[in-house]
Amino acid sequence: MTLQLAGSQPSPASLEEAGLAQATLEPERLPSHQGARRFLIQPAVRRPVPLLFGLAGPSGSGKTYSALRLASGIARVARGEIVVIDTENQRAQHYADHFKFSHIDFAPPYGPMDYLAAIHTAERSKPACIIIDSLSHEHDGEGGTLDCVTAELDRLAGADTGLQQKLAAAAWRKPKAARRALLSGLLRLQSHVIVCIRANERTRMAREAVAIEPVDMGLTPIAAPEFLFELTASALLKAGAQGSPTWSSALPGEHAAIKLPRQFESVFKGSGPLEEGHGELLARWAAGEVLPAAEQSTRRSPPKRRRTKL
Ligand SMILES: Nc1ncnc2c1ncn2[C@@H]1O[C@H](COP(=O)(O)OP(=O)(O)O)[C@@H](O)[C@H]1O
Ligand SMILES: [Mg+2]
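Quick look at the structure:
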């Protein structure tokens, strides 16, 4: 016999016949893959989306200045103000003569819920673009997630190092949940967002064929991978770059900091510093416009050799 699980409720008789007790198959307990949920299939369309643009680099590479230039371009299209959430000792205000923006001085602690509160404050004026400078404090700043994990470990295990080792995973549970709340808060924003992320040169010890050897990671972003994963696009600014991004690297840390989806290849095809025009194009794409395709020259296969008759 066939037992219909979706839509209509099976009769007690049919359940009995199938050898199933009714108590185990109440409709609300039906597993979703058996049809309790319904889905729509429709033609795909591109809808306006908010940008979440990342700028990663060491101190002095150009994160703040570039973020302000990009945001100024974005604001031309999205119409609204720029709000900077500044964890960097008010350093964004050094550029207040060059750019028009509102400023939130964000002092420690830097827990994910503190970030969320700052973001919600910034959101109130429905700005065109929010700059978070920087997101790195959420990870390793005073009262940031790493501090929260240490505090949780102390609470759970006290000074007992053996117990601390056992409870290491448990100590991450609350801070991870807070981080998830921040991430979903960020993803629900209507404004465009630029996040500045500090990056440091790093080396990782890895087990190679015969021994444990250092692996050069290059400039590695200081931010949780789940944030990097959600970025629409992300540029790496190397030391002394003065805002000119690097778009490719084989080093694992730098690779994680760079994200250039195909639709933006045309936006960033030239060299030179990030500027307002880039921000304008990003915002036009986000509003649903189709950007001109990237120059074919970078993709063109090498010219065929002309055959010479012997
Ligand atoms: N996109 C850019 N265009 C032109 N100059 C830039 C750009 N980005 C950075 N610079 C130059 O580099 C300096 C340092 O940049 P800044 O944004 O303050 O670095 P960071 O925030 O990474 O510490 C700026 O004062 C500016 O002179
Ligand atoms: Mg800065």
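First residue of the sequence shown? That's 175 in my numbering, and the numbers climb one at a time after it.
C-beta: ideal position from N, C-alpha, C; glycine also.
(1) Let's see if you can read the secondary structure: which residues bound the alpha helix (DSSP H) around residue 335?
(2) Over what stretch of residues does the beta strand (DSSP E) that includes residue 394 continue unbroken?
(3) May I ask you to report which of helix, strand or coil DSSP gives residue 412?
(4) Which same chain residues end up closer than 7 Å to residue 301 when comparing Cβ atoms and leaving out the 5 residues on each side of it in sequence?
(5) Is the beta carbon of residue 242 closer than 8 Å to that of residue 280?
(6) Any idea what DSSP makes of residue 465, helix, strand or coil?
(7) Can you name the start and end residues of the beta strand (DSSP E) that residue 229 belongs to?
(8) What does the alpha-carbon distance come out to for the pair residue 309 and residue 212?
(9) Count the other CB atoms, across all protein chains shown, that sit within 10 Å of the CB of residue 307; report buried if there are 16 or more and exposed otherwise.
(10) Under a three-way DSSP split, which group does residue 441 fall into?
(11) Compute the distance between the beta-carbons of residue 330 and residue 345, then report whether it is under 8 Å.
(12) Going by other Cβ atoms of all chains shown within 10 Å of its Cβ, with 16 needed for buried, is residue 251 buried or exposed?
(13) Beta strand (DSSP E) containing residue 307: first to last residue?
(14) Could you pull out every residue in the same chain whose Cβ sits closer than 7 Å to the Cβ of residue 452, ignoring the five residues on either side in sequence?
(15) Quick check on the burial criterion: 16 or more other C-beta atoms within 10 angstroms. Buried or exposed for residue 395?
(16) State yes or no: is the C-beta of residue 243 nearer than 7 Å to some heavy atom of ligand 2?
(17) Count the CB pairs spanning the stretch 422-433 and the stretch 213-222 that are closer than 8 Å, and state whether there are at least three.
(18) Tell me, which residues are paired with residue 433 by DSSP?
(19) Leaving out five residues on either side along the sequence, give the residues of the same chain with a beta carbon under 6 Å from the beta carbon of residue 290.
(20) Over the uninterrupted beta strand (DSSP E) stretch that includes residue 381, give me the two end residues.
(21) Going along the chain, which residues of its own chain have a beta-carbon closer than 6 Å to the beta-carbon of residue 466, five neighbours each way excluded?
(22) Which residues in the same chain as residue 340 place their Cβ atom closer than 8 Å to its Cβ, once the five residues preceding and following it in sequence are excluded?
(23) Would the beta-carbon of residue 380 fall within 8 Å of that of residue 389?
(24) Which partner residues of residue 277 appear in the DSSP bridge assignment?
(25) Considering only C-alpha positions, which residue in the set 458, 401 and 462 is nearest to residue 433?
(26) Quick one: what's got a C-beta closer than 7 Å to residue 284's C-beta in the same chain, skipping five residues either side?
(27) Let me confirm a value: residue 464 is counted as buried when at least 16 other C-beta atoms fall within 10 Å, else exposed. Which label applies?
(28) Going by beta carbon distance, what residues of the same chain come within less than 6 Å of residue 197, once the five residues before and after it are set aside?
(29) In terms of residues, what are the limits of the alpha helix (DSSP H) holding residue 237?
(30) For residue 227 and residue 334, I'd like the C-alpha separation in whole angstroms.
(31) Any heavy atom of ligand 2 closer than 7 Å to the beta-carbon of residue 262?
(32) Measuring alpha carbon to alpha carbon, tell me which of 436, 269 and 418 ends up nearest residue 444.
Quick answer:
(1) 335-340
(2) 386-395
(3) coil
(4) 254, 255, 256, 257 and 365
(5) no
(6) coil
(7) 226-231
(8) 38 Å
(9) buried
(10) coil
(11) yes
(12) buried
(13) 303-307
(14) 244, 247, 441 and 442
(15) buried
(16) no
(17) no
(18) 408
(19) 356 and 359
(20) 366-381
(21) 440
(22) 331
(23) yes
(24) 258
(25) 401
(26) 261, 311, 312, 315, 316, 317 and 318
(27) exposed
(28) Here residue 197 scores only 42 on pLDDT, less than 50, and its place in the model should not be relied on; the value that follows carries that caveat. Nothing meets the Cβ criterion.
(29) 237-252
(30) 42 Å
(31) yes
(32) 418
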